[in-house]
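For reference, the structure is listed below as structure tokens.
Chains as they are written, first to last, in my numbering: chain A, 1 to 671; chain B, 672 to 962.
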């Protein structure tokens with residue numbers, strides 16, 4: 001099933017006629033199942049339904065059978081005729097025309113069977129049968145050529161009643177006779193149930209619905225509304241107009257050319273639906289009818305009754321039926337039954353003075369920039385009203401300013417948040433100029449509207465916005481003094497004379513503001529470009545040091561040096577502690593350890609392997625201090641010689657100095 | 672004697688200090704006087720405007736411009752005065768300059784739109800990202816980028832001396848933010864920089880010529896107030912490119928760059944970037960350019 005398509009120019013909706021499987025599914029499946037059962041019941045000659053076909057002796061001989069379901073329908077409904085043809089080299093069935101009935105091909109299905117190498121096929125052809133009048137009809141035998149011989153089915157009967165019953169309208173088909181009927185009485189939007197056809201819509205190929213969100217509204221309230229045009233699937237439709245709302249008590253928004261296209265099933269019948277979303281505003285109180293009209297051309301499919309004198313034609317196939325299907329075009333005016341909407345007056349009691357006619361539900365917010373300014377400098381107040389309602393009647397919120405302010409004319413902009421335009425936000429921007437340094441706040445902004453849910457007037461008020469003012473540079477009073485009484489007016493400076501016709505032009509500024517000597521951009525100043533060298537240099541420097549640090553942290557020689565340095569420092573601290581504690585042995589141990597660590601690192605030897613003899617051998621007379629310490633250490637251990645703190649301090653300084661010298665010089669070991 | 676000597680040297684010292692102070696303060700006084708004079712000129716311009724004397728208002732505004740430099744309000748008022756004089760090209764030029772200095776100014780934007788409408792020019796709505804980047808001036812984005820870059824470089828430098836500093840979550844996040852801001856500022860600068868070579872057609876029905884000579888064939892007419900790209904100059908002609916792709920040479924007195932490269936406030940005109948020649952006049956009223 002194709003979706004309806006709307007063309008740009010003609011608003012044409014094309015609905016290709018195709019078998020409606022949903023609608024006919026139950027009957028067709030039942031008949032197909034019965035046919036299959038008959039086929040597989042070997043030797044059985046029992047048919048199905050009323051018209052079991054010729055009592056063929058076997059499948060090899062071929063047979064034609066026809067059945068109709070249901071056998072009794074009402075006007076506007078449809079029955080399904082199933083013709084089964086079994087046998088080899090079977091042709092298509094030929095239906096004889098019946099006065100008062102129309103046949104629509106719905107397609108076919110085939111089954112193949114092979115028994116002992118003998119292949120036979122059964123093909124089921126489905127036809128939709130529509131009655132043009134009530135009465136009993138006999139569908140004559142259906143003929144088909146099987147294996148070069150013409151076979152016939154038995155005739156089947158169909159009873160068509162005059163009135164349609166609500167419980168049996170599953171196969172309701174469009175009828176041109178019903179297009180213009182509109183027997184429904186007034187209704188309200190609540191009467192329409194989702195997924196159900198209303199009584200006045202039954203049997204119609206197309207109809208219109210107007211669905212307001214509520215059955216009542218206040219004067220001025222914007223009432224959201226959907227206008228839906230339903231087209232029976234399988235029907236081609238071309239819109240000649242957009243829906244037109246009838247009813248002088250309402251003002252409706254312009255509809256969009258491109259409606260939303262969906263599919264809906266009402267009482268089991270699928271429809272292609274075009275939906276326009278709009279909103280209408282009540283202009284006078286009372287109970288008023290609302291209806292809509294839509295002109296469309298419907299293309300209703302017809303089965304060709306001509307029979308080819310040459311038998312089966314080249315295009316007598318379901319595949320081509322879509323291309324060569326005859327359609328009957330009918331111009332129709334779709335209307336909906338009158339819909340009643342109660343319009344209530346807005347209460348006069350407690351109506352705020354600043355009420356401008358806004359009806360709905362709104363929220364108000366306001367901001368001011370800058371909040372730190374100078375006297376005489378303009379401050380922009382942005383006010384935003386969000387919500388749902390008639391934004392056309394939403395006027396600028398009231399800014400309660402006194403003589404200390406100058407105000408400019410506000411500008412307004414509206415941004416709709418839905419297609420119908422009843423939800424959105426309206427923004428106002430107003431420039432105001434503080435003329436007095438004692439002003440501490442931007443005064444609150446108020447907005448009044450009628451709340452449709454609370455059913456009362458509501459006044460929204462923002463908080464005062466704190467403001468910090470400094471003495472102005474422009475000195476509006478001084479300006480006025482300099483030029484006369486130009487700025488004494490409360491209004492912003494507007495031009496007089498020949499140009500005063502330009503009302504929309506925002507007025508001139510009274511404050512000059514801070515100046516710049518040049519418009520030349522900063523990026524083109526050489527000093528500025530040069531200054532960028534500093535951060536670039538810093539990045540390079542940082543990356544260099546970072547890399548160096550990383551390298552150093554991974555170098556074993558540097559790590560070793562650091563460790564030795566640390567150990568030497570530790571030993572020197574131990575030496576100091578030993579001096580303080582008058583512990584000569586500990587002092588010399590620390591001295592020896594420091595010397596061994598340092599020399600071991602320089603010579604690339606294990607510190608503990610360095611002895612006095614080795615020191616003398618390597619350094620000769622260069623490090624007499626260290627050698628002396630080694631000697632004294634031995635003396636202290638073996639001879640018990642005692643050393644005073646001064647002496648120890650002297651040794652300490654000597655050793656530290658020599659270690660430092662060694663560290664700087666780092667002489668190569670004498671080998 | 673010694674006391675006398677001391678008091679004498681003290682007097683000399685005080686005298687020198689006073690002289691020095693006076694020498695230092697005298698430029699400040701002059702500057703303050705100039706500012707006041709500029710303000711007065713501005714106020715006189717406003718007064719003339721209010722009385723409907725737009726020629727005089729323009730004279731005063733230009734004089735204020737010469738003395739004090741550019742301010743959005745001054746350029747805006749000048750644009751208004753030109754608008755009222757029906758010199759739409761000059762009006763649009765000054766509004767554009769005002770908007771360059773103060774991109775968020777609603778008055779300027781509104782009047783610019785009005786002037787464009789009056790000139791029959793249609794400017795397509797800019798995309799939302801362009802609106803975002805137009806929220807700051809070129810200098811604003813430049814400063815934002817420089818500050819972000821400076822902080823980032825400082826962090827890299829510190830990390831060089833104290834490895835691992837940037838591994839701290841707060842500093843890492845800060846570095847990322849700086850980089851993001853730097854990139855955003857770069858994009859903002861790129862968007863704003865596009866406008867630097869723009870100019871406004873100030874001459875009435877300026878003829879586009881296929882080559883920079885008076886005898887060259889005309890290839891079209893450009894409406895006044897139109898924004899064009901100034902690509903090159905040659906001996907009194909400027910090569911312009913329109914947004915619709917049309918290009919050609921136009922007399923230099925029929926076009927003015929939005930951002931003048933020279934700081935000559937008197938003429939309020941400029942040399943197009945990457946060009947050789949010079950545009951001498953802002954077009955419109957020649958008398959006004961002589962102030």
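Yeah, the Cβ is synthetic: ideal placement off N, Cα and C, and Gly gets one too.
CA-to-CA distance, residue j to residue i, given in whole angstroms
i, j, result
"residue 782/B", "residue 357/A", "30 Å"
"residue 774/B", "residue 806/B", "6 Å"
"residue 410/A", "residue 504/A", "11 Å"
"residue 517/A", "residue 912/B", "29 Å"
"residue 679/A", "residue 421/A", "Here chain A covers residues 1 to 671 and nothing more, so residue 679/A does not appear."
"residue 138/A", "residue 272/A", "34 Å"
"residue 431/A", "residue 267/A", "60 Å"
"residue 221/A", "residue 458/A", "15 Å"
"residue 599/A", "residue 605/A", "8 Å"
"residue 845/B", "residue 415/A", "37 Å"
"residue 564/A", "residue 823/B", "37 Å"
"residue 444/A", "residue 737/B", "41 Å"
"residue 341/A", "residue 299/A", "34 Å"
"residue 280/A", "residue 230/A", "21 Å"
"residue 942/B", "residue 374/A", "A caution first: residue 942/B carries a pLDDT of 34, below 50, which makes its placement in the model unreliable, though a value can still be read off. Approximately 36 Å between the Cα atoms of the pair."
"residue 537/A", "residue 658/A", "41 Å"
"residue 80/A", "residue 65/A", "14 Å"
"residue 749/B", "residue 820/B", "38 Å"
"residue 767/B", "residue 506/A", "15 Å"
"residue 202/A", "residue 384/A", "48 Å"
"residue 253/A", "residue 389/A", "13 Å"
Integer-rounded CB distance, given that residue j should sit under 8 Å from residue i
i, j, result
"residue 283/A", "residue 219/A", "7 Å"
"residue 293/A", "residue 275/A", "At roughly 16 Å, the Cβ-Cβ gap does not stay under 8 Å, so residue 293/A and residue 275/A are not in contact."
"residue 1003/B", "residue 741/B", "No information on residue 1003/B is available, as it lies outside the stretch 672 to 962 that chain B covers here."
"residue 151/A", "residue 234/A", "With a Cβ gap of about 31 Å, residue 151/A and residue 234/A do not count as contacting."
"residue 764/B", "residue 918/B", "Contact doesn't hold; Cβ gap of about 20 Å is too wide."
"residue 296/A", "residue 206/A", "7 Å"
"residue 134/A", "residue 198/A", "With a Cβ gap of about 24 Å, residue 134/A and residue 198/A do not count as contacting."
Residue interval of the beta strand (DSSP E) (run including residue i)
i, result
"residue 272/A", "269 to 282"
"residue 900/B", "898 to 905"
"residue 728/B", "Element bounds for residue 728/B: not the beta strand (DSSP E) but the alpha helix (DSSP H), 725 to 739."
"residue 922/B", "918 to 922"
"residue 409/A", "Run containing residue 409/A: none; DSSP gives neither H nor E here."
"residue 451/A", "445 to 451"
Listed by chain order, chain B residues near residue i by CB distance under 8 Å
i, result
"residue 429/A", "777"
"residue 380/A", "777"
Under 9 Å by beta carbon: chain B residues contacting residue i
i, result
"residue 412/A", "Per Cβ cutoff of 9 Å: no residues; residue 412/A is ~12 Å from chain B at best."
"residue 523/A", "809, 810, 813, 860, 864"
"residue 373/A", "Correct list: empty, because the minimum Cβ distance to chain B is about 13 Å."
Closer than 7 Å at the beta carbon, the chain A residues around residue i
i, result
"residue 744/B", "509, 511, 512, 513"
"residue 832/B", "545"
Residue range of the unbroken alpha helix (DSSP H) whose run includes residue i
i, result
"residue 614/A", "612 to 619"
"residue 373/A", "Residue 373/A -> not in any alpha helix (DSSP H); beta strand (DSSP E) instead, spanning 372 to 374."
"residue 633/A", "624 to 638"
Chain B residues whose Cβ lies nearer than 7 Å to that of residue i
i, result
"residue 243/A", "Correct list: empty, because the minimum Cβ distance to chain B is about 32 Å."
"residue 535/A", "820, 821, 824"
"residue 506/A", "778, 781, 782"
"residue 672/A", "Because residue 672/A is not part of the residues shown, which for chain A are 1 to 671, the question remains open."
Under 9 Å by beta carbon: chain A residues contacting residue i
i, result
"residue 931/B", "518, 519, 520"
"residue 785/B", "502, 504, 505, 506"
Contact list for residue i against chain A, beta-carbon separation under 8 Å
i, result
"residue 772/B", "516, 519"
contact_flag[the stretch 379 to 386 of chain A, the stretch 239 to 247 of chain A] where n(CB pairs < 8 Å) is 3 or more: no
At least three beta-carbon pairs within less than 8 Å, the stretch 895 to 906 of chain B to the stretch 867 to 875 of chain B: yes
At least 3 beta-carbon pairs within less than 8 Å: the stretch 329 to 343 of chain A vs the stretch 418 to 426 of chain A: no
Three or more C-beta pairs below 8 Å linking the stretch 139 to 159 of chain A and the stretch 92 to 111 of chain A: yes
Inter-stretch contact at 8 Å, needing at least 3 Cβ pairs: the stretch 763 to 774 of chain B / the stretch 807 to 815 of chain B: yes
Touch test, the stretch 841 to 859 of chain B against the stretch 877 to 887 of chain B, Cβ-Cβ under 8 Å, three pairs minimum: no
Inter-stretch contact at 8 Å, needing at least 3 Cβ pairs: the stretch 538 to 551 of chain A / the stretch 820 to 839 of chain B: yes
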